[in-house]
Every structure is written in structure tokens, then in C-alpha cells.
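Report on the following structure.
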Amino acid sequence: MSRNFLTRLEELHRGDSLVSNNGQWKAVFQEDGNFVIYGWKPVWTSDTEKTGATQLIMQDDCNLVMYTQEDKPCWQTNTHDSNCSRCRLQLTDDGKLIIQKKDATVWSSANSKGMK
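Residue numbers are given in UniProt numbering: position 70 of the sequence shown equals residue 70, and the series is strictly consecutive.
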């Protein structure tokens, strides 16, 4: 079963992916540690290959963080909020990753440096 989102305290490991509801986009946490959105070609990347990243987690403070095997952060969205009670990362049907807190978008791959 594929899904298009992560909620608080859910995680991806190398080889895991999210698939948009329309099936046209896939966000893959690759074996090299890079998190990449694909259509028919890559459209966004976290640029974290060769960092040793092994885990991507939507933390309970609503910050999406990538960790190495040594539990050291190597990439994040800087969306932490200690008062956050509801948030999720979603792969949209137009090929963007977004983080929503209480139905407001607080981060988008479209506005981050990884756009191709």
C-alpha cells in the first residue's frame, strides 16, 4: 500500500517512498541518503547524498529532520514549533512536498533550494 503523507513521529528509511494520490509523482528516500521527488525526471532533491543519512522523521515538534546512523541531524525544514499539535508532510498531486500545520502550509519544496 502506498501513501502520500507522513504525520507526527512517522518516518522513512532508505528505500522508502511516498506516492502522490494521482500516481504521477514519487518522493524517494534513496539508498545514497538523498530525498528526491520524481515525475519522469527528478524535480527536487534534498542534496543530502553521501551524508550518511538513514532516517527521515516528522518530529513531534513538526520539524522534518534527516538523521545519520549516528543520530546526527544532516538536513531539516526548520519548521519546529513547540506548540504544534497537528502537522503532516504531504506529496501533492502537482509534485511538491509540503508541510502543513493546522491546515496552513509552512514549508514547500517549491520554495526550497532543492528545486531543479
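Glycine residues also receive a C-beta, built at the ideal position from the N, C-alpha and C atoms. Keep in mind the model is a prediction, meaning the values are calculated, not measured.
Residue 17 sits in a strand when the DSSP states are folded into three classes.
Rounded to whole angstroms, the separation of the alpha carbons of residue 85 and residue 44 is 28 Å. In the DSSP assignment, residue 74 falls within the unbroken beta strand (DSSP E) covering 73 to 76. When DSSP states are grouped into helix, strand and coil, residue 108 belongs to the strand group.
Secondary structure at residue 54: strand, using DSSP grouped into helix, strand and coil.
Distance from the Cα of residue 48 is smallest, within the candidate group 108, 4, 14 and 20, for 14. Note on residue 79: 16 or more other CB atoms within 10 angstroms of its CB, so buried under the neighbour-count rule. For the pair residue 37 and residue 27, the CB atoms are nearer than the 7 Å cut-off. For residue 11, the secondary structure class from DSSP, reduced to helix, strand or coil, is strand.
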